[in-house]
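Residue numbers (our numbering): 1068 to 1362.
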């Protein structure tokens, strides 16, 4: 229950981030808005400075952090771009594709196994994405294309983080991401820079606060309960996004988007459940029985 509660709070934080960025809209260019969000969020980096300096990163680790910074920079710009152009529900539903891309990437790049059941779940998730986009039945906005790229870039960043997480602490991984993305966004923001109202700066600082709180509560959720318990709870984000879009931004409720998002979420939950089963089975094979320990 504690894990579920933390994951519910995670969803509320991330939906708040989405709503604020939607509220800002086109007043601030996507690259500039993303840069200011990360720049203002550097205040939360202060406790992470000491672990970063103490990590004594190798040249290879610096390259991996830089690569993650590049893909995450592209992802954030595309996400801000999409938020200003398509409904909140569409953004939230299509963001669920990241774990699907991670599964494919782990098989192609990290050479992890992709059993038939998991492959079927990936295919079903992609069908869910097609239901959301409905090509040929409605006009596909550039924002939808941007979200496909967003999920792909976030997945690439996650795969790099997965490699680094076994080598350095979580504080170093999160801190280096904030630093590299802020640096990566700077030239893009400079190229499109426009005067920014103090009110927009205040909103972007709130984005940084909610995003940081969301990542923190998500970490607590993962520590309190297995992914098989917490993962399905993330579908609530789509329900809240639909409600918020309708109530605050007068966005029509699209049943196909909810249906497609539900299909993607069900597929992700199945992949997570299978992954947990495999890990449990592996632990049972490794852990000796009571009779074995007596020998």
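Quick reminder that beta carbons are idealized off the backbone N, C-alpha and C, glycines included. All values reported here derive from a predicted model rather than from experimental measurement.
Cβ-based burial, residue i [other Cβ within 10 Å; buried from 16]
i, result
"residue 1257", "exposed"
"residue 1344", "exposed"
"residue 1362", "Here the model assigns residue 1362 a pLDDT of 45, short of 50, so the residue's position is not dependable, and the following value carries that caveat. It is exposed - the Cβ of residue 1362 has fewer than 16 other Cβ atoms within 10 Å."
"residue 1270", "buried"
"residue 1180", "exposed"
"residue 1261", "exposed"
"residue 1116", "exposed"
"residue 1068", "exposed"
"residue 1265", "exposed"
"residue 1197", "exposed"
"residue 1326", "exposed"
"residue 1211", "buried"
"residue 1338", "buried"
"residue 1237", "exposed"
"residue 1354", "In this prediction, residue 1354 has a pLDDT of 46, which is less than 50 and means its spatial position is unreliable; what the coordinates show is noted afterwards. Classification for residue 1354: exposed."
"residue 1227", "buried"
"residue 1141", "buried"
"residue 1335", "buried"
"residue 1123", "exposed"
"residue 1154", "buried"
"residue 1218", "buried"
"residue 1275", "buried"
Bridge-paired residues (DSSP) for residue i
i, result
"residue 1205", "1202"
Three-state class that DSSP yields for residue i in the structure shown
i, result
"residue 1123", "coil"
"residue 1080", "helix"
"residue 1178", "coil"
"residue 1072", "helix"
"residue 1317", "coil"
"residue 1237", "helix"
"residue 1310", "helix"
"residue 1155", "helix"
"residue 1323", "helix"
"residue 1088", "helix"
"residue 1265", "helix"
Beta carbon of residue i nearer than 9 angstroms to that of residue j
i, j, result
"residue 1091", "residue 1208", "no"
"residue 1273", "residue 1149", "no"
"residue 1136", "residue 1246", "yes"
"residue 1038", "residue 1199", "A question about residue 1038 goes unanswered here, because the residues of the chain that appear run from 1068 up to 1362."
"residue 1172", "residue 1133", "no"
"residue 1156", "residue 1093", "no"
"residue 1252", "residue 1105", "yes"
"residue 1192", "residue 1167", "yes"
"residue 1147", "residue 1097", "yes"
"residue 1255", "residue 1144", "yes"
"residue 1284", "residue 1221", "no"
"residue 1088", "residue 1292", "no"
"residue 1095", "residue 1263", "yes"
Proximity test, Cβ basis, 9 angstroms: residue i and chain C
i, result
"residue 1187", "Protein chain content of the structure displayed is limited to a single chain, and chain C is not contained in it."
_Using a Cβ distance threshold of 8 angstroms, determine whether the region 1152-1168 contacts the region 1320-1337, with at least three qualifying pairs required._
yes
*Within the chosen definition, does the region 1107-1114 reach the region 1187-1194 through at least 3 CB pairs nearer than 8 angstroms?*
With the rule of 3 Cβ pairs closer than 8 angstroms, the region 1107-1114 does not count as touching the region 1187-1194.
*Is the region 1073-1092 touching the region 1225-1234 in the sense that three or more CB pairs, one from each, lie closer than 8 angstroms?*
no
*Below 8 angstroms, can you find three or more Cβ-Cβ pairs linking the region 1315-1330 to the region 1170-1182?*
no
*For the region 1123-1136 against the region 1296-1316, are there 3 or more C-beta pairs whose distance is under 8 angstroms?*
No contact exists between the region 1123-1136 and the region 1296-1316.
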